[in-house]
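What follows is a set of notes on a single structure, which appears directly below.
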Amino acid sequence: MKNTEIQSLSASEIAEKISVEKTNLSKLKFAHSISPIENPNRISETKRLIARLKTALAAK
Numbered sequence: 001m002k003n004t005e006i007q008s009l010s011a012s013e014i015a016e017k018i019s020v021e022k023t024n025l026s027k028l029k030f031a032h033s034i035s036p037i038e039n040p041n042r043i044s045e046t047k048r049l050i051a052r053l054k055t056a057l058a059a060k
């Protein structure tokens, strides 16, 4: 998700997206601990997306 897409969302949509991505991150971490996932960079990408969303929410 690009920053321009994030900026176009409302505050409630951003908060909802944060909760969805946090759930996704926990699932990725759990799957990776059981057996290595195909692309472990997705964990880092998800963390960065959550940080971008939190920053955009604070700005609004």
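Residue 1 is where the sequence shown starts when you use UniProt numbering, and the numbers rise one by one after that. For glycine and all other residues, C-beta sits at the position ideal for the given N, C-alpha and C.
Query, Result
"Check whether Ile43 and Leu28 have beta carbons under 7 angstroms apart", "yes"
"Cβ distance (whole Å) where Leu53 is taken to contact Ala11 below 8 angstroms", "That belief does not hold up - the Cβ atoms of Leu53 and Ala11 are roughly 11 angstroms apart, past 8 angstroms."
"Which of helix, strand or coil DSSP assigns to Ser33", "helix"
"Cβ-Cβ distance between Thr46 and Leu25 below 7 angstroms", "yes"
"Chain-order list of residues whose beta-carbon lies under 6 angstroms from that of Glu38 (same chain, five-residue window excluded)", "none"
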